[in-house]
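Novice: Please see the structure below; I have some questions.
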Amino acid sequence: MAAHLWSAFTAENMYRNGFGRRSFRFEEEWQQGSLSKRDIDMRQMRSEAKVHVVRSKKTVAEIRDLNVAQQWQPAQRKGDLWSWALDDMVDYFKPEPGVTHNCAVLLLDSHWDTQNQVIRGHAALGGNGRGIGLGIFGSHALHTYPSCLEDVVPAMTDCTKTNTQVVASDCGDDSSQHWQAMCIGIGAHLHEVGHVFGCPHQSKGVMLRDYGMFNRTFLTKEPYSTKTKQPGLQPCLPEHECSWHRLDALRFRSHPCFKLVTDQLPCSEDGIQVWAIDQGRLFITAKSGVSFIEIRPEGEEFCNAWIEYAEGPEGYPKQVMLTESDIRNRLTSELRTRKIKLEIFSHAGGKFELQDINKAVAKIKLPKGATGWHGPKFGHGDQPGTKAQDLIFPHSWDQKMMLVAVKIYYGMAVDGLEFLYENNTSHLFGKVGPNEHLFTLDTRQAETISGFYVRAGVWVDGIEVLTSLGRRSGVFGNAMGGSGQTLMPPRGYRIAGISGSCGPFVDSFGLIIMR
């Protein structure tokens, strides 16, 4: 029932943010109904959320060890419960490569230690790893949760005092009554689910600690509080409620778990490229579209300024241009002079961090006095013996030079690229590898290179040449390695060359662009 409350709460919040009634769906199964008290008497069958009961490989004694209890101050291994739960989920669901199973785990072996006044077998943690999105929480407040729809209002107005001789009072006075314990239990677990979906801590809302007001979304008036010694708020208006932060809603808008049937088909490529040009301008390109940009001044814990983009008839904008003044003017006068970091999000869920907008511009002098700019590089460029390399294409500044073909050298990764010209000269980026593929350009139709599709992680796994006629060479190297990025210059610019590094193989790759 708590999970259905999460879903309803999230759908209402997304609707209020203008994104439709989006919410995450559950794995369901056809079973004896339990949403209503009458379901058993009426023998009502329903398609309901499936609950998996998973036996841990750890013993109860290990789970309840004080040294792994998150709220026990001297504990040395506070993250172990999450790691153990992750191991159990991986063993149980056996996720395949590229597939993520999102799990909300309730630890049923939680126990209130009256002697030490601490909850054993409890941790509030959320994150992702090994194909599992995992948010865990203890079951110490389970006795306050509603078990069906008819119990929701009674549970949210239950003023029974929490007897700490028997059950836990999580967060001290914040759980001094059953309705408060329920809000903390359900709301804090939802907070961890937020981490599963990529939400960081925010300045307000579920991702801060506002979930103590979780019940206000479902009630018109709040019950009496023994903490404040005052009657509860009435009426409970939307501005008084706990909610998802706007930035959380923007993340959910693009998340595959929140898709609606009316949404456009998603783009599978989540890559983002940032091109820093003169005069403080930033060109941002993303094949799936730019969703929003967080502006983070140095020293600020939370993001309080951002730029968001609306969906148009053709989706989200594939290219946006910002100036430094545009960015700084969105901050208060006190923060405008600080170092600014940008976190840019694509509609397909990709993320790009620009650490300092002042240091983003990377100029390079080209032949004949022209100016070029380095684009973003993909691959870490830190393999043993790696050397940086810039290759300026002769045809970018000398019209007499005609590029006729590209030779790709590859093995299990990309070894190098050789660019062949009509005058029988060639220029090599990287090195010659065990295998090669010759991709010929149609010079009769003035076909040129318009970009590259790169598969990269720690190094460049695979690469594909894209042309002005829409042709593709195919991916050579490891076509499934790393993550995919399409490198194409922004409108009004063209490729002047390529930049990167090469050791045992090419371990970083990017474009050099010019007007």
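Residues 68 to 582 in our numbering are what the sequence shown lists, from first letter to last. Just so it is clear, CB atoms sit at the ideal spot from N, CA and C, and this is done for glycine as well.
1. So the beta strand (DSSP E) residue 153 belongs to, where does it begin and stop?
2. Hey, out of 363, 367 and 338, whose CA is closest to residue 444's CA?
3. Rounded to whole angstroms, how far is the Cβ of residue 318 from the Cβ of residue 266, which I believe are closer than 8 Å?
4. Going by the DSSP bridge assignment, what does residue 364 pair with across the sheet?
5. For residue 298 and residue 224, I'd like the C-alpha separation in whole angstroms.
6. By the 10 Å Cβ neighbour count, where 16 or more other Cβ atoms means buried, how is residue 400 classified, buried or exposed?
7. Check the DSSP bridge columns for residue 537 and list the partner residues they point to.
8. Nearest CA to the CA of residue 504: which residue from 479, 541 and 468?
9. How about the segment 96 to 108 and the segment 198 to 210: do they share at least three Cβ pairs that are nearer than 8 Å?
10. If I measure Cβ to Cβ from residue 557 and keep anything under 6 Å in the same chain, skipping five residues before and after, which residues do I get?
11. Does the separation of the CB atoms of residue 534 and residue 516 fall below 8 Å?
12. Would you mind working out which of 404, 532, 410 and 405 sits nearest residue 373, comparing C-alpha positions?
13. Assuming residue 578 is part of the beta strand (DSSP E), what are its boundary residues?
14. Three or more C-beta pairs closer than 8 Å, one from the segment 167 to 179 and one from the segment 211 to 220: is that the case here?
15. Can you give the Cα-Cα distance for residue 46 and residue 74, rounded to whole angstroms?
16. Mark residue 291 as exposed unless 16 or more other C-beta atoms lie within 10 angstroms of its C-beta, in which case mark it buried.
17. Under 7 Å Cβ to Cβ from residue 240, same chain only, skipping five residues before and after it: list those, please.
18. Looking only at its chain, what residues have a beta carbon closer than 7 Å to the beta carbon of residue 519, apart from the 5 residues adjacent to it on each side?
19. Is residue 110 helix, strand or coil when you go by DSSP?
20. Taking the beta carbon of residue 107 as the centre, do at least 16 other beta carbons fall within 10 Å, making it buried, or is it exposed?
21. Cβ of residue 442 within 8 Å of Cβ of residue 344?
22. Quick one: Cα of residue 274 to Cα of residue 369, how far?
23. Using only CA atoms, which one of 322, 470, 497 and 434 lies nearest to residue 86?
24. Taking only the alpha-carbon atoms, compute the straight-line gap between residue 151 and residue 394 and give it to the nearest angstrom.
Specialist: The relevant details are as follows:
1. Here residue 153 belongs to no beta strand (DSSP E); instead the alpha helix (DSSP H) covers 147 to 160.
2. 338
3. 6 Å
4. 407
5. 12 Å
6. exposed
7. DSSP lists no partner for residue 537.
8. 541
9. no
10. 342, 350, 352 and 386
11. yes
12. 410
13. 573 to 581
14. no
15. Shown here, the chain extends from 68 to 582; a query on residue 46 therefore has no answer.
16. exposed
17. 294
18. 530, 531, 532, 533 and 554
19. coil
20. exposed
21. no
22. 11 Å
23. 322
24. 43 Å
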